[in-house]
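Here is the structure we will look at.
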Amino acid sequence: MQLQVMNSPFNQEQAELLNRLLPTFTESQKVWLSGYLAGAASAPIASVLGVPSQQTADGTASKEVTILYGSQTGNARGLAKKASTTLEGKGFQVTVSAMSDFKPNNIKKVKNLLIIVSTHGEGDPPDNALSFHEFLHGKRAPKLEELNFSVLSLGDSSYEFFCETGKQFDARLEELGGTRLYPRFDCDLDYDEPAAEWLVGVISSLGEAKGGISVLTQGAATQTVESTYSRTNPFKAEVLDKLNLNGRGSNKETRHLELSLEGSGLSFEPGDSLGIYPENEPELVDLLIEELQWNPEEGVTINKQGEVLSLRAAFITYYEITTLTKPLLEKAVNLTANSELQELLTDSEKLKSYLEGRDLLDVIRDFGPWNSSPQEFVSILRKMPARLYSIASSLTANPDEVHLTIGAVRYNAHGRDRKGVCSIFTADRLQPGDSVPIYIQHNENFKLPANPETPIIMVGPGTGVAPFRSFMQEREETGAEGKSWMLFGDQHFVTDFLYQTEWQKWLKDGVLTRMDVAFSRDTAEKVYVQHRMLEHSKELFEWLQEGAVVYICGDEKHMAHDVHQTLIGIIEKEGSLSREEAEAYLADMQQQKRYQRDVY
0 MQLQVMNSPF
10 NQEQAELLNR
20 LLPTFTESQK
30 VWLSGYLAGA
40 ASAPIASVLG
50 VPSQQTADGT
60 ASKEVTILYG
70 SQTGNARGLA
80 KKASTTLEGK
90 GFQVTVSAMS
100 DFKPNNIKKV
110 KNLLIIVSTH
120 GEGDPPDNAL
130 SFHEFLHGKR
140 APKLEELNFS
150 VLSLGDSSYE
160 FFCETGKQFD
170 ARLEELGGTR
180 LYPRFDCDLD
190 YDEPAAEWLV
200 GVISSLGEAK
210 GGISVLTQGA
220 ATQTVESTYS
230 RTNPFKAEVL
240 DKLNLNGRGS
250 NKETRHLELS
260 LEGSGLSFEP
270 GDSLGIYPEN
280 EPELVDLLIE
290 ELQWNPEEGV
300 TINKQGEVLS
310 LRAAFITYYE
320 ITTLTKPLLE
330 KAVNLTANSE
340 LQELLTDSEK
350 LKSYLEGRDL
360 LDVIRDFGPW
370 NSSPQEFVSI
380 LRKMPARLYS
390 IASSLTANPD
400 EVHLTIGAVR
410 YNAHGRDRKG
420 VCSIFTADRL
430 QPGDSVPIYI
440 QHNENFKLPA
450 NPETPIIMVG
460 PGTGVAPFRS
470 FMQEREETGA
480 EGKSWMLFGD
490 QHFVTDFLYQ
500 TEWQKWLKDG
510 VLTRMDVAFS
520 RDTAEKVYVQ
530 HRMLEHSKEL
540 FEWLQEGAVV
550 YICGDEKHMA
560 HDVHQTLIGI
570 IEKEGSLSRE
580 EAEAYLADMQ
590 QQKRYQRDVY
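Take the sequence shown: its letter number 190 is residue 189 in numbering that gives the first Met the number 0, and every next letter is one higher.
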């Protein structure tokens, strides 16, 4: 039934908005909404009407909580949403927002603030946290003596600046006068348990500040229906097909992998990623156990639930053994009588050099003899993290399937051949008919524009082409009419033009408006995608002026940095702007979600 002013209590604008929204809701969303409204009906009228209530009529403190997240791949966003659901179930009124969508000056009005933020690259804030981070650390940041806050920081301890962004937010909020509700938690890749512990502590602190917590029996938390399969409960996807995308004689090996999602109920959008839980190379595991002179069949307990695996199975499937971190070596020093490891830990430059390109087998060989049982030893290791890959297909175009584009990593370092854990697992050992544990990682920071007529510019050399194949498949299926421009680069035209026939067909059919390529090893002087951008700077800037969205996918340290600087240069030149004005132009594009990056 269509809502109208005559048959409902809504005004014309509200009725029209509801008529557009209601048909798009799934059954689970309708159930959630009905439960939420039922819970809200028992709440104070001010909260139902959306009126901020810093203090209730009986003089108790505010029960409003603001959660701001900074997320590059979606982990922080997911944790923010879960925290919101839990807090709402405890009777709090919660506002959740990406930092890029939050008006910085409104921080002065916030009483209870939870920051959930990841650290990107070499200690940098994620893209959607840049503007808020800059504001808070600038001269315009206000005093926040009335603010209660807590920070959950996500990172990877194999990086030198582990959880740096969260540490900076935590220190700055204190500096501005804020009071910690609960101490900052710094989470490594396996963040689920520490994040849950942090939230319990936060809720306890909020409850003490509020004089007790009111629990809604039919709140949002009890009505939320979550997908059966997730990061902590991965789906075993069958391998349908596996192809080598590179031609004979190529220096590279890029695998196209097709997996079945049939029966999983999983869904994704172009721009999302797929997490794969790989296995370590059995040969490397056998060398490690042989070096330690242990029995590969000896049982070890791998988790708090008491699950037991053989030592060999645990090393293959459960523990990370190819990436070294400072925290790992700090624990390992207690298991050896070798003083050289302690000396290494006291020299930051030597330690940084040692960590690069070495693995657990190197540590075992370099710093023995080891005085520990297998159980003591595995207890210092961190759980095998999933590897994320940009999805290379559209679910609309390929129902019940997901495709990936994975470059095989093989290199020699410190006198040994080395292999990428997941890339070689998929390239060498995973075969059609096998199953692999996977999950969907949603990424709201890398999405096609809502308006299909908006022009898009895609920059994706090498395996960075993956999400743009997904974009093109989706736009072909939906009949999107906006202009599209692809810039692709690799080493050789003959052997390394990934998905060449598909791009040519999209060009012929008009799905793709324009494509420029750069093959760096086919010319005397190396040519990269940023050089093609410069060659067509006038046209590129015209597209920007028309409202085009720019997407970059691929290597962060080199390609993405070079493309970023090139974009600023093009805007400066073609827009007749100063360097500062050009940087502000691009920053504004980022704020408007017209400049999006999926970099690694």
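For each residue, glycine too, the CB sits at the ideal point set by N, CA and C.
Are there three or more Cβ pairs, one per stretch, closer than 8 angstroms when the region 371-390 is compared with the region 297-307? The way I'd put it, the region 371-390 does touch the region 297-307; three or more beta-carbon pairs between them come closer than 8 angstroms.
From the DSSP secondary-structure annotation, give me the bridge partner or partners of PRO436. As a position in the sequence shown, residue 436 is number 437, starting the count at 1. For PRO436, the pairing in a beta bridge is given by DSSP as LYS235.
If you follow the beta strand (DSSP E) that CYS552 is in, where does it begin and where does it stop? By one-based count along the sequence shown, residue 552 stands at place 553. In the DSSP assignment, CYS552 falls within the unbroken beta strand (DSSP E) covering 548-553.
For ARG230 and ASN111, the rounded distance between their alpha carbons: On the sequence shown, position 112 is the one that residue 111 refers to. On the sequence shown, position 231 is the one that residue 230 refers to. One Cα belongs to ASN111, the other to ARG230, and the distance between them is close to 29 angstroms.
If the criterion is Cβ atoms closer than 9 angstroms, does the pair GLY459 and PRO448 meet it? The count along the sequence shown starts at 1 and reaches residue 459 at position 460. The count along the sequence shown starts at 1 and reaches residue 448 at position 449. No, the pair does not count as a contact, with Cβ atoms beyond the cut-off.
With respect to the beta strand (DSSP E) encompassing TYR388, which residues constitute its N-terminal and C-terminal limits? Within the sequence shown, the letter at position 389 stands for residue 388. Counting along the chain, the unbroken beta strand (DSSP E) around TYR388 starts and ends at 386-389.
Please work out which residues of its chain come closer than 7 angstroms, Cβ to Cβ, to LEU394, disregarding the five sequence neighbours upstream and downstream, and give them in chain order. Indexing the sequence shown from 1 puts residue 394 at position 395. The answer, listed in chain order, is SER266, PHE267.
Let me confirm a value: ARG386 is counted as buried when at least 16 other C-beta atoms fall within 10 Å, else exposed. Which label applies? Locating residue 386 in the sequence shown gives position 387, where the first residue counts as 1. Buried, by the Cβ-count rule.
Simplified DSSP state of ALA170, which is helix, strand or coil: Taking the first residue of the sequence shown as 1, we reach residue 170 at position 171. Residue state, collapsed to three classes: helix.
Buried or exposed (CB count within 10 angstroms, at least 16 for buried), GLN472: Residue numbering aside, residue 472 sits at position 473 when the sequence shown is read from its first letter. Here GLN472 is buried, its C-beta having at least 16 other C-beta atoms within 10 Å.
Between VAL95 and the rest of its own chain, which residues show a CB-CB distance below 7 angstroms, the 5 nearest in sequence each way excluded? For the purposes of this step, residue 95 is identified with residue 96 of the sequence shown, where counting begins at 1. In its chain, beyond the 5 residues on either side, ILE66, ALA79, LYS80, SER83 have a beta carbon closer than 7 angstroms to the beta carbon of VAL95.
Just the Cα atoms here: how many angstroms apart are VAL332 and LEU323? Start at 1 with the first residue of the sequence shown, and residue 332 comes out as number 333. Start at 1 with the first residue of the sequence shown, and residue 323 comes out as number 324. If I take the Cα positions, the gap works out to 13 angstroms.
Among the candidates PHE168, THR565, LYS62, whose CA atom is the shortest distance from the CA of GLY90? Here residue 90 is taken as the residue at index 91 of the sequence shown, counted from 1. Out of PHE168, THR565, LYS62, LYS62 has the C-alpha closest to the C-alpha of GLY90.
Cβ distance (whole Å) where HIS402 is taken to contact GLY356 below 8 angstroms: Residue mapping note: residue 402 aligns to position 403 of the sequence shown, counting from 1. Residue mapping note: residue 356 aligns to position 357 of the sequence shown, counting from 1. About 31 angstroms; that fails the 8 angstroms criterion.
Once you ignore the five residues that flank LYS592 on each side, which residues in its own chain have a CB closer than 7 angstroms to its CB? Position 593 of the sequence shown, counted from the first residue, corresponds to residue 592. So the list is empty, once near-sequence residues are dropped.
Kindly give me the distance between the Cβ atoms of MET383 and TYR276, rounded to whole angstroms, as I take these residues to be in contact under 8 angstroms. Translated into the one-based positions of the sequence shown, residue 383 becomes position 384. Translated into the one-based positions of the sequence shown, residue 276 becomes position 277. Yes, they are in contact, since the Cβ atoms of MET383 and TYR276 sit about 7 angstroms apart, within 8 angstroms.
Where does THR223 fall in DSSP's three states? Start at 1 with the first residue of the sequence shown, and residue 223 comes out as number 224. The predicted position of THR223 is uncertain, since its pLDDT is 36 and thus under 50; a value taken from the coordinates is nonetheless stated next. In the three-state scheme derived from DSSP, where H, G and I count as helix and E and B as strand, THR223 is classed as coil.
Name the residue from HIS491, PHE492, VAL435, PRO451 whose alpha carbon lies nearest to the alpha carbon of GLY478. Mapped onto the sequence shown, residue 478 falls at position 479. Out of HIS491, PHE492, VAL435, PRO451, PRO451 has the C-alpha closest to the C-alpha of GLY478.
Quick one: grab the DSSP three-state call for ARG596. Sequence index remark: in the sequence shown, residue 596 carries index 597 (1-based). In this structure, ARG596 counts as strand in the three-state DSSP scheme.
ILE390 beta carbon less than 9 angstroms from that of ALA407: Residue mapping note: residue 407 aligns to position 408 of the sequence shown, counting from 1. Residue mapping note: residue 390 aligns to position 391 of the sequence shown, counting from 1. Contact: no.
Run of the alpha helix (DSSP H) containing GLY77, from where it starts to where it stops: Here residue 77 corresponds to residue number 78 of the sequence shown, with the count starting at 1. GLY77 -> alpha helix (DSSP H) spans 74-88.
Between GLU257, GLU159, ALA523, SER249, which lies nearest to LEU242 when the distance is taken from Cα to Cα? Indexing the sequence shown from 1 puts residue 242 at position 243. In terms of CA proximity to LEU242, GLU257 leads the group GLU257, GLU159, ALA523, SER249.
Enumerated in chain order, which unbroken segments of the beta strand (DSSP E) with a length of 3 residues or greater are wholly contained in the region 425-485? Every unbroken stretch of the beta strand (DSSP E) spanning 3 or more residues and falling wholly within the region 425-485 is given here in chain order: 434-440, 455-458.
Under three-state DSSP, which class holds ALA45? The sequence position of residue 45 within the sequence shown is 46, counting from 1. With a pLDDT of 34 at ALA45, under the threshold of 50, the modelled position of this residue cannot be trusted; read the value that follows with caution. Assigned with DSSP and collapsed to three states, ALA45 falls in helix.
Same chain, Cβ closer than 7 angstroms to GLY200, neighbours up to 5 away in sequence not counted: For the purposes of this step, residue 200 is taken as the residue at position 201 of the sequence shown. Same-chain partners within the cutoff: TYR181.
Between the region 430-449 and the region 231-239, can you find at least three pairs of beta-carbon atoms closer than 8 angstroms? Look at the beta carbons and you see the region 231-239 touching the region 430-449: at least three pairs across the two are nearer than 8 angstroms.
I think VAL116 touches GLY165, with their Cβ atoms under 8 angstroms apart; what is that distance to the nearest whole Å? Residue mapping note: residue 116 aligns to position 117 of the sequence shown, counting from 1. Residue mapping note: residue 165 aligns to position 166 of the sequence shown, counting from 1. Contact between VAL116 and GLY165 holds, since their C-beta atoms are separated by about 5 angstroms, short of 8 angstroms.
Once you ignore the five residues that flank ALA559 on each side, which residues in its own chain have a CB closer than 8 angstroms to its CB? On the sequence shown, position 560 is the one that residue 559 refers to. Within the same chain, ALA559 has close Cβ partners ILE551, GLY553, ARG596, VAL598.
Is ASN127 closer than 9 angstroms to ALA170 when the C-beta atoms are compared? Here the question's residue 170 lines up with position 171 in the sequence shown. Here the question's residue 127 lines up with position 128 in the sequence shown. In this structure, ASN127 does not lie closer than 9 angstroms to ALA170 by Cβ.
Contact check, ASP271 vs ILE114 under 8 angstroms by CB: the rounded distance? As a first step, residue 271 must be located in the sequence shown, where it is residue number 272. As a first step, residue 114 must be located in the sequence shown, where it is residue number 115. Your pair ASP271 and ILE114 does not check out as a contact, with CB atoms roughly 24 angstroms apart and the cut at 8 angstroms.
Start and end residues, alpha helix (DSSP H) containing VAL528: Counted from its first residue, the sequence shown places residue 528 at position 529. Per DSSP, VAL528 belongs to the alpha helix (DSSP H) from 528-534.
Proximal residues to PRO141 (C-beta, below 8 angstroms), its chain only, five neighbours per side dropped: Counting from one through the sequence shown, the residue named residue 141 turns up at place 142. The residues are ASN104, ILE106, LYS107, LEU175.
Exposed or buried, what is PRO621 when buried is set at 16 or more other beta-carbons lying within 10 Å of its beta-carbon? Any answer about residue 621 is impossible in this case: the structure gives the chain only from 0 up to 599.
DSSP three-state label for ILE301, please. Translated into positions along the sequence shown, residue 301 becomes position 302. Look at ILE301 here: in three-state DSSP terms it is coil, with no helix or strand label.
Rounded C-alpha distance that separates HIS132 from ASP155: For the purposes of this step, residue 132 is taken as the residue at position 133 of the sequence shown. For the purposes of this step, residue 155 is taken as the residue at position 156 of the sequence shown. Taken atom to atom, the span from the alpha-carbon of HIS132 to that of ASP155 is near 20 angstroms.
Rounded to whole angstroms, what's the CA-CA distance from ASP399 to ALA194? Just pull it up for me. Here residue 399 refers to the residue found at position 400 of the sequence shown. Here residue 194 refers to the residue found at position 195 of the sequence shown. C-alpha separation (whole angstroms): 32 angstroms.
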